[in-house]
Every structure is written in C-alpha cells, then in structure tokens.
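Here's the structure, in structure tokens; my notes come after.
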Amino acid sequence: MTDELATVETVPDDELAGSAPDAAAAYGAPTLQVQLKMLDAGLEAPSYARPGDAGADLRTREDVVLAPGERKLVATGVSIALPDGFVALIHPRSGLATKHGLTIVNAPGTVDAGYRGEISVTLLNTDSRNAIELRRGDRIAQMVIQRVEYAQFVPVNELSESVRGAGGFGSTGGFTSPNA
1 MTDELATVET VPDDELAGSA PDAAAAYGAP TLQVQLKMLD AGLEAPSYAR PGDAGADLRT
61 REDVVLAPGE RKLVATGVSI ALPDGFVALI HPRSGLATKH GLTIVNAPGT VDAGYRGEIS
121 VTLLNTDSRN AIELRRGDRI AQMVIQRVEY AQFVPVNELS ESVRGAGGFG STGGFTSPNA
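Going by my numbering, the residue at position 6 of the sequence shown is 6; the numbering climbs one at a time, nothing skipped.
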C-alpha cells in the first residue's frame with residue numbers, strides 16, 4: 001500500500017448543460033416530473049451533463065476517503081418521490097471507474113417508487129494501491145429513471161425451448177483465458 005491519494009477531477013458546474021427539459025427539447029422526448037427534496041441546500045441538485053444523457057449526476061454530501069479495497073456508504077443529500085410505475089437505477093460513473101477504479105458495489109442500485117429516504121451509494125475503491133479522495137459536491141454516480149414492467153409469474157412444470165437453452169456465464173464464447 002502506498003501513501004498516494006487519487007483526487008477526483010470534476011467539471012465546473014458552469015460547464016454542465018444541466019436539465020432534463022434541455023434534453024427533452026433536443027430529442028423530442030417527454031419530460032417526467034419527479035419530486036425532489038434537497039436534504040443539503042449547499043449541494044447542486046441532480047442534473048444531466050449534456051442534452052440526451054440518460055443519467056443525472058448525483059453528488060457526495062461529505063468529504064470521503066476510500067482506502068484501497070475499501071467500500072463505504074456515501075450520502076447524496078437527495079430524496080425523490082417517483083410516480084408509480086417508475087424506478088431510479090443508480091449506476092457508476094464510467095470516468096471514475098476507468099481512471100480511479102471507483103465503482104458501486106450493488107450496481108445498479110435500485111430506488112423504488114415508494115422509497116422516500118435519502119439516496120445513498122455504496123462505493124468501492126477497486127484500486128489495490130491508492131486511496132481515493134472525494135470532496136463534498138463531487139459527482140459520484142448517475143441516476144437513470146425508467147419505467148417498470150410488472151411481470152405476472154406463471155408456475156409451470158417445464159419451460160418452453162429456446163436456441164440458447166441453459167447456456168450462460170460465457171457459454172457464447174468471446175474471452176479465452178491465457179491459462180487455458
């Protein structure tokens with residue numbers, strides 16, 4: 001373990017395009033209204049970085065240091081009320097994963113329509129040598145709002161046939177281990 005500390009670089013807020021209406025106007029998409037309660041008035045509300053983006057950025061409510069291999073529950077200062085039939089999925093930010101090895105343990109996290117508490121994110125530092133330092137207000141995850149399709153589960157004795165069958169976990173090929 002080294003004493004190095006990776007600091008996450010952020011884009012200044014004035015460079016972010018920002019809102020769902022901007023994206024909706026650019027792409028002719030409908031705009032869903034979601035009630036938002038900011039639990040920390042000093043933080044930026046979730047926002048879309050560019051028109052057409054699927055995920056709205058969530059920010060850390062506090063300064064956080066994650067040691068190599070450490071996971072930590074990080075508050076965002078945001079509560080939402082989704083309409084019935086919708087879910088918020090919390091995804092990692094690709095740049096943080098690629099540049100710093102920061103990811104979300106239970107990705108995507110699920111925020112159900114009935115949940116009214118603060119959205120928190122379980123972050124994991126996958127880097128084995130360097131700690132990661134996040135400053136209050138840094139963008140740590142993306143929230144994607146989607147419709148939910150509710151299934152009716154029908155018990156059967158046998159499932160219908162398919163070309164794939166029970167093949168999974170790499171059964172279609174792709175990666176060959178150098179040890180194989």
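Even for Gly, the Cβ is constructed at its ideal location relative to N, Cα and C.
From a predicted model like this one, the values you see are computed outputs, not experimental measurements.
Neighbourhood of residue i by C-beta distance below 7 Å, restricted to the same chain and skipping five residues each side
i, result
"G117", "S79"
"K72", "V64, L66 and L123"
"M38", "A45, G77 and V78"
Within 8 Å, strictly: CB atoms of residue i and residue j
i, j, result
"V200", "A54", "Since the first residue of the chain shown is 1 and the last is 180, residue 200 is not available in this structure."
"L123", "I140", "yes"
"D57", "Q142", "yes"
"V87", "A107", "no"
"G85", "V34", "no"
"P68", "N130", "yes"
"T138", "T76", "Here the sequence assigns Asp to residue 138, which means Thr is not the residue at that position. Against a cut-off of 8 Å, the Cβ pair of T76 and D138 comes out as no contact."
"I90", "V74", "no"
"R136", "E62", "yes"
Under the three-state DSSP convention, the category residue i falls into
i, result
"T98", "helix"
"V34", "coil"
"T103", "strand"
"T110", "strand"
"Y115", "coil"
"F169", "coil"
"T122", "strand"
"S160", "coil"
"E133", "strand"
"L58", "strand"
"R71", "strand"
"L82", "coil"
"L66", "strand"
"V154", "coil"
Neighbour flag for residue i against chain E, beta carbons, 8 Å
i, result
"I90", "Annotation note: the requested chain E is absent from the structure, which comprises a single protein chain."
Residue i beta carbon near the ligand FMN (any heavy atom closer than 7 Å)
i, result
"V64", "No copy of the ligand FMN occurs in the structure displayed, which carries no ligand at all."
6 Å Cβ shell around residue i - same chain, five flanking residues per side excluded
i, result
"L96", "L102"
"I132", "A6, L66, H100, L102 and N125"
"D127", "P68 and G101"
"G42", "none"
Per DSSP, the bridge partner or partners of residue i
i, result
"E149", "Bridge partners of E149: none, in fact."
"P92", "A141"
"S128", "Note: S128 sits in no beta bridge, so no partner."
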